[in-house]
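Heads up, the thing below is written out as structure tokens.
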Amino acid sequence: MTLYELHGDGATSPATEDLTGILAEPGAEFGADGHEPTCIVVRIVIDGPIRARAWRLLWLRLACHRAARRLRERGVHRTRRFAVLPGLVAPFLVYELGTSAERYAADRLTLGGAGILRRLARLVSGCDPDAGAILVVGEHQ
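Number 102 in our numbering belongs to position 98 of the sequence shown; there are no gaps in the numbering.
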């Protein structure tokens with residue numbers, strides 16, 4: 005699998021080592037048609053001080069939609085979103101949002117519990133508030 009990163013200015017570059025290590029899937033070297041799939045990644049970093057983090061979580065859904073739209077403008081036909089916990093520097097847990105993996109991680113693998121503020125933050129942002137980053141990944145066929 006070939007990974008490229010889409011930057012804010014619209015330029016793409018080969019993905020950095022940290023993204024390649026996080027998103028490399030065993031057995032994903034070749035697509036169904038025998039060609040190597042090409043993926044473009046947009047990082048949305050959430051880490052930071054509590055006020056900045058709360059602000060980013062508040063606008064996270066919009067940022068994910070914008071990233072997906074930018075990827076579609078580049079000819080990507082399928083996008084997926086991944087939460088990275090605790091962050092990109094030393095990821096402990098990576099799962100796809102909107103799947104059973106997200107429900108399992110929320111119920112069994114994260115430490116936050118099910119308090120009302122945590123549920124509200126998850127409802128507003130669309131992901132676990134402990135996530136350090138969201139990766140929006142688009143795949144070319």
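In this text, a Cβ means the ideal position worked out from N, Cα and C, and glycines have one as well.
Quick caveat: nothing in here was measured; it's all calculated off a predicted structure.
Practice task
Round the Cβ separation of D132 and P90 to the nearest angstrom and send it over; I've been treating them as touching at under 8 Å.
Solution key: Taking the first residue of the sequence shown as position 1, residue 132 is located at position 128. Taking the first residue of the sequence shown as position 1, residue 90 is located at position 86. 10 Å between Cβ atoms; not a contact.
Practice task
Can you tell me which of the three DSSP states R82 falls into?
Solution key: Reading the sequence shown from its first residue, position 78 is the one you call residue 82. Three-state result, R82: strand.
Handout entry: Bridge partner(s) assigned by DSSP for H69
Key = One-based indexing of the sequence shown puts residue 69 at position 65. DSSP output for H69 lists no bridge partner at all.
Problem - In DSSP terms, what Y99 is bridged to - result: Translated into positions along the sequence shown, residue 99 becomes position 95. According to DSSP, which records beta bridges pairwise, Y99 is partnered with A87.
Handout entry: Whole-angstrom distance between V141 and C43, CA atom to CA atom
Key = Translated into positions along the sequence shown, residue 43 becomes position 39. Translated into positions along the sequence shown, residue 141 becomes position 137. Straight-line Cα distance between these residues: approximately 7 Å.
Exercise for the section: Could you please give the first and the last residue of the uninterrupted alpha helix (DSSP H) stretch that includes V128? Expected result: Indexing the sequence shown from 1 puts residue 128 at position 124. Its alpha helix (DSSP H) spans residues 120-129.
Handout entry: Between the CA atoms of T16 and I120 - distance to the nearest angstrom
Key = Along the sequence shown, read from residue 1 onward, the residue named residue 120 stands at position 116. Along the sequence shown, read from residue 1 onward, the residue named residue 16 stands at position 12. C-alpha separation (whole angstroms): 40 Å.
Problem - Cβ neighbour criterion (16 or more within 10 Å) applied to I54 - result: The count along the sequence shown starts at 1 and reaches residue 54 at position 50. Exposed, since its Cβ has fewer than 16 Cβ neighbours within 10 Å.
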